[in-house]
Amino acid sequence: MNYSVFSLSPSPSVFVILLLLFVQVPSSVSNSSLFTDCSNQFVCGDISTGFPFWGSGRPSACGIPELELKCENNITRMNIDQVAYRVLEIKPEIESLRIAREDYLAGLCPPQFANSTFNPKVFDPVIGYTNLTFIYGCVVTPIVGIPLPGLFTCKINDTDGQNGYIQGGAAGPGDCYGSVFVPVPFTNSPLIWNVTDLEELLKEGFEVRWKVDSAACEECNRSSGVCGINNVTNQTTCYCPDQSSGSKTCALPGMCLNFS
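In case it helps, mature numbering (1 follows the signal peptide of the UniProt record, and there is no 0) puts the sequence shown at residues -30 to -1, 1 to 230.
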């Protein structure tokens, strides 16, 4: 007797049943795992946080795609619009984080020229910061008797001594080789044009706020669920202890409706 499955000709209904089995079973297992995984905190050095961040044991469904955190030698890092940042502080109570550009921690001569830009659908600027632009590879000709502030030199394309200077606002390179603008704390002090002081200021970083449906997340947490992101809709969702997800809240044990 031959039991080879390749000799069978199942009806279309059999294919439907098999398809449902393959779709449903992994889904419930996945939801159960997501409730557990998203209940865990991201912990790295002095940084400890949960939603809307993910990474290091928290899968991508636990947070906003742009808010992936990485832990390297007890230092928290993240990439935003292809720029590497060191995470210095996270303040969940006001939904803000303080970050510093990795390429400016060692000085004003980065290996590549990329602006600090942020997706407005994910981030909001914080009051008290302004952009400064670092302009590289220029022929700088100071006006006689008027010193040009913020002058520095960098190595560009294996050539030492390339002039650079600093100007306020977010600007392009013009006739120069390249430019980078970075947010810094707003100050009226002329010390900001001092290169040494500015390098220290860049190490202190700057703040940005993230955008998230906080009300929905609080509602989820009150119902014993944990917040995450639906990878299909990119909306906040609630992972529940009973392995369900997709709604704003979880059904609390023993919950009943009273219409009296």
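The C-beta atom is built at its ideal place from N, Cα and C for all residues, glycine as well.
* Under 8 Å between C-beta atoms, does residue 74 make it to chain D? -> Reference to chain D is not applicable here, since this structure consists of a single protein chain.
* In chain order, what residues of the same chain lie with their CB nearer than 8 Å to the CB of residue 70, ignoring the 5 residues before and after it? -> Taken in chain order, the residues that qualify are 55, 56, 58, 172, 173, 174, 175 and 176.
* To do: Look at the Cβ atom of residue 178, then the Cβ atom of residue 100, and state whether they are nearer than 8 Å.
  => Cβ distance not < 8 Å, so residue 178 and residue 100 don't count as in contact.
* To do: Can you check the region 179 to 224 for any beta strand (DSSP E) of at least 3 residues that lies completely inside it and give the ranges in chain order?
  => For the region 179 to 224, whole beta strand (DSSP E) runs of length 3 or above, ordered along the chain, are 196 to 199 and 206 to 209.
* Whole-angstrom C-beta distance between residue 106 and residue 142, which should lie under 8 Å -> Rounded to the nearest angstrom, the Cβ distance from residue 142 to residue 106 is 12 Å, too far for a contact under 8 Å.
* Excluding the five sequence neighbours on either side, which residues of its own chain have a C-beta within less than 6 Å of the C-beta of residue 108, listed in chain order? -> Taking residue 108 as the centre and dropping the five residues before and after it, the same chain places the C-beta of 133 and 146 closer than 6 Å to its C-beta, in chain order.
* To do: Assuming residue 122 contacts residue 78 (C-beta within less than 8 Å), just tell me the rounded distance between them.
  => The beta carbons of residue 122 and residue 78 sit about 5 Å from each other, so the pair counts as a contact at 8 Å.
* To do: Could you work out which residue in 93, 10 and 84 is closest to residue 37 when comparing CA atoms only?
  => Closest option to residue 37, Cα to Cα, is 93.
* To do: Return the Cβ separation of residue 50 and residue 88 in integer angstroms, given the expectation that the two are a contact with Cβ distance under 8 Å.
  => About 6 Å separates the CB atoms of residue 50 and residue 88; that is less than 8 Å, so the two are in contact.
* Below 8 Å between beta carbons: does that hold for residue 218 and residue 208? -> Yes, these two residues count as a Cβ contact at 8 Å.
* Asked: With respect to the beta strand (DSSP E) encompassing residue 125, which residues constitute its N-terminal and C-terminal limits?
  -> That run of the beta strand (DSSP E) goes 122 to 126.
* To do: In angstroms with no decimal places, state the Cα-to-Cα distance between residue 200 and residue 62.
  => Straight-line Cα distance between these residues: approximately 21 Å.
* To do: Have a look at the DSSP bridge pairing and note the partners of residue 177.
  => Under the DSSP definition of a beta bridge, residue 177 partners with 68.
* Asked: Under a three-way DSSP split, which group does residue 129 fall into?
  -> Correct three-state label for residue 129: strand.
* To do: Return the chain-ordered list of same chain residues with a C-beta closer than 7 Å to the C-beta of residue 25, the five sequence neighbours on each side being excluded.
  => Excluding positions up to five away in sequence, the list reads 12, 38, 39 and 40.
* To do: Can you give me the Cβ contacts of residue 195 inside the same chain, cut-off strictly under 7 Å, excluding the 5 residues immediately before and after it?
  => 208, 209, 210, 219 and 220.
* Please list, in chain order, all residues of the same chain as residue 156 whose beta carbon is under 7 Å from its beta carbon, the five residues on each side excluded. => So the list reads 98, 99 and 100, once near-sequence residues are dropped.
* Inspect the beta-carbon positions of residue 21 and residue 32 and report whether they are closer than 8 Å. => In this structure, the beta-carbon distance from residue 21 to residue 32 falls below 8 Å.
* Grab the span of the beta strand (DSSP E) containing residue 155 for me, first residue to last. => Taken as a continuous stretch (DSSP letters only), the beta strand (DSSP E) holding residue 155 covers 148 to 155.
* Count the other CB atoms within 10 Å of the CB of residue 152; is the residue buried (16 or more) or exposed (fewer)? -> By the neighbour-count rule (16 or more Cβ atoms within 10 Å), residue 152 is buried.
* To do: Please name the residue, chosen from 213, 188, 182 and 137, that lies closest to residue 90 on a Cα-to-Cα basis.
  => Taking only the C-alpha atoms, the option nearest residue 90 is 182.
* residue 54, DSSP secondary structure in three states -> It is a strand residue.
* Please report how far the alpha carbon of residue 6 lies from the alpha carbon of residue 193, in whole angstroms. => Using only the alpha carbons, I get a separation of about 15 Å.
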